[in-house]
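Note that UniProt numbering has the sequence shown beginning at 1, numbered continuously upward.
All C-beta atoms, glycine included, are put in the ideal place defined by N, C-alpha and C.
As structure tokens, the structure follows; a few thoughts come after it.
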Amino acid sequence: MVVSKPEKMVAMALDHNLSLENATKPEDDHRGSIIKEVEGLIKLYENGYVERSLKVMSCVSPFLAQDIEVNARDVFIDKVNNIWARIYVPKCNDYEKCNKFPLTIYFHGGGFCVGSTAWKCYHNFLGKLSSKTRCLIVSVNYRLAPEDRLPAAYEDGMKALMWVKKQATMSQFSEFWAKYCDFSSIYLGGDSAGANLAYNVALKLGTSDIRPLILKGIILIQPFFGGEERTNSELIKVQSRKSKLSLAASDTYWRLALPSGADRDHPWCNPLGNGTRKLENMRVIICVAEKDILKDRNLDLCSVLAKNMGNKVKHLISEGVGHAFHILDDSQFSKNRKMEMVSHIVDFINE
1 MVVSKPEKMV AMALDHNLSL ENATKPEDDH RGSIIKEVEG LIKLYENGYV
51 ERSLKVMSCV SPFLAQDIEV NARDVFIDKV NNIWARIYVP KCNDYEKCNK
101 FPLTIYFHGG GFCVGSTAWK CYHNFLGKLS SKTRCLIVSV NYRLAPEDRL
151 PAAYEDGMKA LMWVKKQATM SQFSEFWAKY CDFSSIYLGG DSAGANLAYN
201 VALKLGTSDI RPLILKGIIL IQPFFGGEER TNSELIKVQS RKSKLSLAAS
251 DTYWRLALPS GADRDHPWCN PLGNGTRKLE NMRVIICVAE KDILKDRNLD
301 LCSVLAKNMG NKVKHLISEG VGHAFHILDD SQFSKNRKME MVSHIVDFIN
351 E
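Now the structure itself:
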């Protein structure tokens with residue numbers, strides 16, 4: 001259905017808990033002992049039962065405060081696999097006279113194991129990011145590990161991109177936002193595991209023809225990567241209270257997310273390993289947090305990509321803040337760092 005005026009559209013909310021709870025629960029509750037756990041977030045039991053905390057972060061509907069100047073709505077991409085997206089559309093007094101908006105396909109974080117597009121922290125962040133960048137955002141809710149280990153999330157990312165391509169090629173736009181989208185100005189973005197997802201989708205595209213879409217760049221916020229050999233920032237004995245990711249949690253996420261038997265030097269975890277294919281001919285911005293255990297890996301990624309053929313790489317180090325500060329730290333200090341980060345992303349998109 002084509003909606004002519006997004007500012008009058010009705011926000012449609014999907015059942016967000018579908019992607020947070022287990023799809024099946026054993027009839028008997030003989031779960032056995034916990035074999036893997038990220039405290040307060042996820043537990044994996046001996047019998048394969050997965051338990052996620054629904055208390056850690058509330059899920060919210062697509063509604064946004066009036067002063068954000070953005071409309072949002074939920075849409076299905078793949079009902080069978082419960083892949084859906086929350087679409088953010090900047091408001092405009094007269095859409096017929098407004099320039100079309102660039103589009104960012106965004107992936108949330110959570111170590112590939114937890115998280116949701118409907119989490120309040122992501123909804124608020126992306127609503128404001130859409131407003132500041134004057135950019136359409138398709139925020140994708142993808143399948144999670146360990147029920148669906150990698151490459152499931154990458155497959156869902158590609159499916160979301162192809163879904164956007166389908167909207168661009170239809171003679172009559174079926175989605176309310178499509179007629180206001182500049183399909184020649186597409187970005188892939190995400191934070192933490194979502195940034196890893198965006199990177200690997202871009203890598204998978206390679207020289208693929210996705211016309212009429214034109215990928216203009218990727219936005220990586222504290223990308224979640226790892227490796228068997230520890231970096232200096234991972235070896236810091238006293239973990240900063242300002243960072244929401246510990247080394248133990250990082251390792252557990254990778255054990256849950258990678259294919260069975262793979263270690264942290266798998267290319268999906270360590271993109272800088274010997275013989276791994278690197279991005280080429282791509283504009284990239286990498287946003288690094290100074291107190292993040294991933295800082296050194298993020299900076300190494302900047303250095304390697306900058307040396308690769310045709311890449312144009314920019315990076316920002318947000319001082320005094322840790323992993324996921326932009327969504328999980330409400331202090332005024334972090335808010336100021338977030339404003340700086342968003343300003344750099346705005347400049348990147350407007351170049």
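Candidates the options: closest to residue i by CA position
i      : options                        : result
TRP84  : ARG31, ALA160, LEU220          : ALA160
ILE137 : LEU144, ARG143, GLY127         : GLY127
ALA249 : PHE348, GLY111, GLY273         : GLY111
GLU319 : GLU340, ASN200, PRO146         : GLU340
ILE214 : LYS338, MET162, LEU247         : MET162
CYS113 : ILE35, PHE125, GLU147          : GLU147
CYS59  : GLU39, VAL164, TRP119, ASP347  : TRP119
GLY157 : ARG143, THR169, LEU305         : ARG143
LEU328 : ARG264, CYS181, SER243, ASP296 : SER243
VAL164 : TYR154, CYS181, LEU150, ARG31  : CYS181
LEU247 : GLU290, LEU294, SER116         : LEU294
SER208 : ILE77, ASN350, ILE349, ASN281  : ASN281
LEU350 : GLY109, PHE107, GLN66, ILE219  : Reading off the sequence, residue 350 comes out as Asn, not Leu. For the residues GLY109, PHE107, GLN66, ILE219, the minimum Cα distance to ASN350 belongs to ILE219.
ARG283 : LYS55, ILE186, ASP263          : ILE186
ILE68  : VAL89, ILE77, TYR49            : VAL89
THR169 : ARG211, GLY194, LEU103, TYR154 : ARG211
SER192 : VAL140, HIS108, LYS79, ILE35   : HIS108
PRO223 : HIS315, VAL140, SER334, ASN81  : HIS315
Assigned secondary structure, residue i (DSSP; H/G/I helix, E/B strand, else coil)
i      : result
TYR106 : strand
SER130 : helix
HIS344 : helix
TYR122 : helix
ILE236 : coil
GLY111 : coil
TYR142 : coil
TYR187 : strand
LYS335 : helix
ALA262 : coil
GLU21  : Note that GLU21 scores 44 on pLDDT, short of 50, meaning its location in the model is unreliable and no value can be drawn from it.
PHE325 : helix
ASP78  : strand
ASP67  : helix
ILE210 : coil
ASN350 : helix
CYS59  : strand
Where the beta strand (DSSP E) through residue i begins and ends
i      : result
SER318 : 312 to 318
ARG283 : 283 to 289
For residue i, the first and last residue of its enclosing alpha helix (DSSP H)
i      : result
PHE224 : It is not in any alpha helix (DSSP H) - PHE224 carries neither H nor E in the DSSP assignment.
ARG297 : 295 to 307
MET158 : 152 to 169
ASP292 : Premise fails: ASP292 is in no alpha helix (DSSP H) and is neither H nor E.
ASP251 : 247 to 257
TYR199 : 193 to 205
Distance, residue j Cα to residue i Cα
i           : j      : result
ARG134      : ILE345 : 11 angstroms
SER260      : CYS269 : 13 angstroms
ARG337      : THR276 : 33 angstroms
LEU197      : SER33  : 31 angstroms
ASP28       : LYS204 : Here ASP28 scores only 48 on pLDDT, less than 50, and its place in the model should not be relied on; the value that follows carries that caveat. Near 41 angstroms, if we compare the C-alpha coordinates of LYS204 and ASP28.
THR252      : ALA324 : 18 angstroms
ASN22       : GLY226 : The predicted model places ASN22 with a pLDDT of 45, which falls under 50 and marks its position as unreliable, so this point remains unresolved.
THR24       : VAL201 : Residue confidence for THR24 is low, a pLDDT of 45 falling below 50, so the modelled location carries little weight; the figure read from the coordinates is stated next. Cα-Cα distance, rounded: 29 angstroms.
LEU279      : LYS100 : 28 angstroms
LEU150      : GLY189 : 18 angstroms
ARG52       : ILE42  : 4 angstroms
PHE63       : ASN308 : 42 angstroms
GLY217      : LEU299 : 18 angstroms
LEU272      : MET57  : 33 angstroms
GLU234      : GLY40  : 21 angstroms
SER343      : VAL304 : 25 angstroms
PHE183      : ILE87  : 15 angstroms
ASP292      : LEU245 : 7 angstroms
GLU175      : GLN167 : 7 angstroms
residue 354 : CYS98  : This structure cannot speak to residue 354, because the chain is shown only from 1 to 351.
ARG241      : PHE333 : 14 angstroms
ALA65       : ASP330 : 18 angstroms
Which residues DSSP lists as bridging residue i, in chain order
i      : result
TYR88  : ALA72, ILE137
ARG52  : ILE42
ILE218 : LEU188, VAL284
ILE34  : TYR45
PHE101 : CYS181
The ligand PLP heavy atom lying under 6 angstroms from the CB of residue i
i      : result
GLU340 : No copy of the ligand PLP occurs in the structure displayed, which carries no ligand at all.
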